[in-house]
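Remarks on the structure that follows.
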Amino acid sequence: MTVDNRYETSPGMPDPLRSLQPTAPVSYRQNQREINRIYWLKIIVPSLAAVALVTLVLWPVLNSAEGSFTLAMDRLEERDENAKLVKPRYVGIDNNNHPVNISAETAFRKSNDDKDYYLKNLLANMQMKDGTGIEINATSGMFDSKAQEIVLDGAVDIHTNNDFSIKTNQATFLINEKIVTGNSGVSGASPFGDFSAEKFHIDVDQEIIRLKGNVLHHYNPDKFTETISPAGSPDKQQ
Amino acid sequence: QVTTETTTQVAGNGPVDISRDVYISSNDWEANLKKNIAVYIGDVVVKQKDLTLYSDRMTVFFQGSEAADKTITRLDVSGGVKLTTKNETIESTWGIYDVEEKIVTLGGNVLLKAEEGETRSERLTYDLDSGVITMQGKPTKDGRVTGKFTLPEKKKDPSGGTEKQNDRP
């Protein structure tokens, strides 16, 4: 009788038939454990898959605070395409060859060929004919370099070194003539006392003051003489 | 020698209390600080404690070159002038107030109204320090100082008779 050795499995070689060989018998408990494991796996694996899917969808929305922003066209600050000057400083001279210094926090022009500069928080320093200093502070202003004129807005405060000061909220200052005018109320102090009115036209150089409308003037020579300290220099206690 | 003017002195009611604090209000104001002059125009009211001066126009003269020592020396008022103190009201056409000397001079149809009555004259001088008022007229018929005084009411005697002034018990 011939032995058919084709079915003999040589060691190490894959044996397609090995898988058909009967396996060792499994006990009921092992079988039950296997069933339970499969039962739980059927629940856990789909749940994990669902959670992963939901996380994948919600992650960009939950994580939007860090990197993303909402672009609302109407809240965009409208600015022209020109550059904004930071801490600009204008230095010039007036008709009497006295220096004119104008500095501001920021300045911009409405268009490239526009000659008016719109200033924010501006400070201007200049001098009268006799050299007495004038200082101008304003929240905002427009400087016309050609006409040598500053239109001042917001809290405007102009004072000179000879104890003359005015406060208003709108004024036009002519640099060469040293004339300041305005018609939305003014209050001020001078060696003649404190004053207030509705409209004003003040030639700072010539020291000519014209006030119109509801003029009030409080004059107290004692106040002034008392504040002169022994050294003779008036200390400014208003 | 007979003076051609008639002068009447009215004893005022004591010095007028004025402080150096002056409050002025008006419609318009123009000042030339270099020339030490300022003009107030329209409804001018000057208040200096017990003294109030009303007029249509007022010119103020200062002295002192330096800003620190400018002081008012004189006020010239014109047009509807009225001066009021605690006790009198004086009306006139023009007036000059010498702030340093504390003397007010009023002129042109001066009318002095006080408790006792009214006095008219061409010109009046008021010494605010002493309270003495001097009124000057002109020798012409209607230029003289004239006054209209109201006598105090006679007190009625409870027994029905009128009690004479000097029969006081």
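First to last, the protein sequences are chains A and B. Counting with my numbering, you get residues 27 to 264 for the letters of the first sequence. Counting with my numbering, you get residues 10 to 178 for the letters of the second sequence. For glycine and all other residues, C-beta sits at the position ideal for the given N, C-alpha and C. Just so you know, these numbers come straight off a predicted model, no measurement behind them.
Which residues bound the beta strand (DSSP E) around residue 187(A)? Counting along the chain, residue 187(A) falls outside any beta strand (DSSP E), and DSSP gives it neither H nor E.
Residue range of the beta strand (DSSP E) that includes residue 56(B): 46-57
C-alpha distance - residue 143(A) paired with residue 133(A), whole-angstrom precision: 6 Å
Using a Cβ-Cβ cut-off of less than 8 Å, list which residues of the region 21-44 of chain B approach chain A; keep chain order. 29, 30, 31, 32, 33, 34, 35, 36, 37, 38, 39, 40, 41, 42, 43
Over the uninterrupted alpha helix (DSSP H) stretch that includes residue 60(A), give me the two end residues. 54-88
Excluding the 5 residues flanking residue 229(A) on each side, which residues of the same chain have their C-beta closer than 6 Å to its C-beta? 205
Reference residue 232(A), options 182(A), 202(A), 118(A), 163(A), closest by Cα: 202(A)
With three or more C-beta pairs closer than 8 Å as the rule, is the region 56-63 of chain B touching the region 91-108 of chain B? yes
By the 10 Å Cβ neighbour count, where 16 or more other Cβ atoms means buried, how is residue 42(A) classified, buried or exposed? exposed
Where does residue 42(B) fall in DSSP's three states? coil
Spell out whether any CB of chain B is found under 7 Å from the CB atom of residue 246(A). yes
Check the Cβ-Cβ distances between residue 111(B) and every residue of chain A, and say whether any is below 7 Å. no
Mind checking who residue 177(A) pairs with in its DSSP beta bridge? 168(A), 198(A)
Could you pull out every residue in the same chain whose Cβ sits closer than 6 Å to the Cβ of residue 116(A), ignoring the five residues on either side in sequence? 128
Sequence-distant residues of its chain with Cβ nearer than 7 Å to residue 219(A) (five each side left out): 243, 244, 245, 246
Which of helix, strand or coil does DSSP assign to residue 35(B)? strand
Tell me the DSSP secondary structure of residue 28(B) in three-state form. coil
By Cβ distance below 6 Å, which residues in the same chain neighbour residue 26(B) in space, the five residues on each side in sequence not counted? 58, 59
Here's a check: name, in chain order, each residue in its chain whose Cβ is nearer than 7 Å to the Cβ of residue 163(A), leaving out the five neighbours to either side. 149, 183
Use the C-beta contact count for residue 81(A): other C-beta atoms within 10 angstroms, 16 or more gives buried, fewer gives exposed. exposed
When you compare each of 157(A), 192(A), 131(A), 64(A) to residue 146(A) by their alpha carbons, which one comes out closest? 131(A)
Can you give me the Cβ contacts of residue 40(B) inside the same chain, cut-off strictly under 6 Å, excluding the 5 residues immediately before and after it? 47
Suppose you measure from the CA of residue 84(A) to the CA of residue 135(A); what does that come to, to the nearest Å? 46 Å
With DSSP as the reference, please indicate the residues paired to residue 156(B) in a beta bridge. 128(B)
Should residue 142(B) be labelled buried (16 or more other beta-carbon atoms within 10 Å of its own) or exposed? buried
Looking at residue 37(B): is its Cβ nearer than 7 Å to the Cβ of residue 110(A)? no
Residue of 50(B), 131(B), 121(B) minimising C-alpha distance to residue 34(B): 50(B)
With distances taken from CA atoms, which of 146(B), 110(B), 118(B), 126(B) is nearest residue 139(B)? 110(B)
Return the CA-CA distance between residue 171(A) and residue 100(B), expressed in angstroms with no decimal places. 56 Å
The beta strand (DSSP E) enclosing residue 207(A), as first and last residue numbers: 205-208
Output, in chain order, the set of chain B residues within a Cβ distance shorter than 9 Å of residue 223(A). 37, 38
Mind checking whether residue 186(A) and residue 198(A) have CB atoms under 7 Å apart? no
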